[in-house]
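Engineer: I'd like to ask some things about the structure below.
Residue numbers (full-length UniProt numbering), protein chains in the order written: chain H, 1 to 108; chain X, 1 to 108.
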C-alpha cells in the first residue's frame, strides 16, 4: 500500500539511470478505483512550459534503491510519447487512453 | 477518470448533508494499482489534532450536485470508525486493512 500523496512528486528514472521527471498525479477510474495512468511531469520552470506524460501504471516499477519509479524508455522514446500541456484535459477525449496504452505497449 | 490531486481535498458528506471532512489522500496497492482506501481527514486546526479515517473506496460515491463524496454514515458512526493521528502508519500493520473493511461493511 502506498499513499497517493507520496506517489506524487516521486522521481521517475529510466534503466540507464537518467532522471526523466517525476510523478505529477495519477488517473483513477471513478467507479472501479483502478489507477490507470501515472502522469509524469518534466521540463518547465515554475510550471511554465511543463509537459505531462501519462504512462500506463503497469509500465512503472518501483525501485527501492533509487527511491523512485523506473520506466523502460530512453529520453527519445519519452519525447515521442503522448503528452499535454497544463490546462489541457485530454482524458475527457474518447480514445486518448487507448492512444497512450498503444504507444507504451510497443516499448520493449 | 479522475486525477488523484483533484480527489485530494474533495469534501465528504453524509446523506443528512453534514460535511464530515475531506479526502486527505488515498491508499493504492503498489503492484495492482487498485485504490483500496480513501483517507478522510477531519477536525484539527492547522494539522494539529487532525484525525485520519480510512474508508474503503467503494463506500464513497461522488455526488455531482454537492461536488463531493457521500458516505452512508452519521457522525457517530464515523467517530467510532478506525482512525489514526498524523505520523502514524497503520497500514504497515497486518490486519489493519481488514479491520477497516469490517467496520465499514457493517454500515447499512
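Glycine included, C-beta positions come from ideal geometry on N, C-alpha and C.
Where does residue 83(X) land, buried or exposed, given buried means 16+ other C-beta within 10 angstroms?
Structural biologist: Against the second chain, residue 83(X) aligns to sequence position 83. Classification for residue 83(X): buried.
Engineer: Roughly how far, in whole angstroms, is the beta-carbon of residue 24(X) from the beta-carbon of residue 52(X), given that I think they are within contact range, below 8 Å?
Structural biologist: As a position in the second chain, residue 24(X) is number 24, starting the count at 1. As a position in the second chain, residue 52(X) is number 52, starting the count at 1. Indeed they touch by this definition, with Cβ atoms about 6 Å apart.
Engineer: At what residues does the alpha helix (DSSP H) containing residue 100(H) begin and finish?
Structural biologist: The residue given as residue 100(H) occupies position 100 in the first chain. Start and end: 96-105.
Engineer: What residue range is occupied by the uninterrupted beta strand (DSSP E) comprising residue 20(X)?
Structural biologist: Here residue 20(X) refers to the residue found at position 20 when the second chain is read from its first residue. Residue 20(X) -> beta strand (DSSP E) spans 19-28.
Engineer: Any residues in the region 57-86 of chain H with a beta carbon nearer than 8 Å to a beta carbon of chain X? Which ones, in chain order?
Structural biologist: Residues passing the 8 Å Cβ filter: 57, 58, 62.
Engineer: Got a sec: is the Cβ-Cβ distance from residue 8(X) to anything in chain H below 9 Å?
Structural biologist: In the second chain, counting from the first residue as 1, residue 8(X) sits at position 8. With 9 Å as the cut-off, residue 8(X) counts as an interface residue toward chain H.
Engineer: Measuring alpha carbon to alpha carbon, tell me which of 3(X), 30(X), 104(X) ends up nearest residue 77(X).
Structural biologist: Numbered from its first residue, the second chain carries residue 77(X) at position 77. It is 104(X) whose Cα lies nearest to the Cα of residue 77(X).
Engineer: Below 9 Å between beta carbons: does that hold for residue 11(X) and residue 67(X)?
Structural biologist: Translated into the one-based positions of the second chain, residue 11(X) becomes position 11. Translated into the one-based positions of the second chain, residue 67(X) becomes position 67. Yes, these two residues count as a Cβ contact at 9 Å.
Engineer: Should residue 2(H) and residue 30(X) be called a contact, given that it needs their Cβ atoms to be closer than 9 Å?
Structural biologist: As a first step, residue 2(H) is located in the first chain; it is residue number 2 there, counting from the start. As a first step, residue 30(X) is located in the second chain; it is residue number 30 there, counting from the start. Going by C-beta atoms, residue 2(H) is nearer than 9 Å to residue 30(X).
Engineer: For the beta strand (DSSP E) that contains residue 40(H), what are its first and last residues?
Structural biologist: Stepping through the first chain from its first residue, residue 40(H) is reached at position 40. Its beta strand (DSSP E) spans residues 35-42.
Engineer: What separation, rounded to the nearest whole angstrom, lies between the Cα atoms of residue 5(H) and residue 6(X)?
Structural biologist: Sequence index remark: in the first chain, residue 5(H) carries index 5 (1-based). Sequence index remark: in the second chain, residue 6(X) carries index 6 (1-based). Their Cα atoms are separated by approximately 11 Å.
Engineer: According to DSSP, simplified to helix, strand and coil, what is residue 55(X)?
Structural biologist: Stepping through the second chain from its first residue, residue 55(X) is reached at position 55. If DSSP states are grouped into helix, strand and coil, residue 55(X) belongs with the strands.
Engineer: Name the DSSP beta bridge partners of residue 192(H), please?
Structural biologist: Residue 192(H) lies beyond the range of chain H shown here (1 to 108); nothing can be said about it.
Engineer: Measuring CA to CA, which of 50(X), 26(X), 37(X), 71(X) is closest to residue 137(X)?
Structural biologist: A question about residue 137(X) goes unanswered here, because the residues of chain X that appear run from 1 up to 108.
Engineer: List the residues of chain H that residue 29(X) touches, going by C-beta distances under 9 Å, in chain order.
Structural biologist: On the second chain, position 29 is the one that residue 29(X) refers to. By Cβ distance, chain H contributes 1, 2, 35.
Engineer: Leaving out five residues on either side along the sequence, give the residues of the same chain with a beta carbon under 8 Å from the beta carbon of residue 108(H).
Structural biologist: Taking the first residue of the first chain as position 1, residue 108(H) is located at position 108. With a pLDDT of 49 at residue 108(H), under the threshold of 50, the modelled position of this residue cannot be trusted; read the value that follows with caution. Counting only Cβ-Cβ distances below 8 Å, and skipping sequence neighbours, we find 72.
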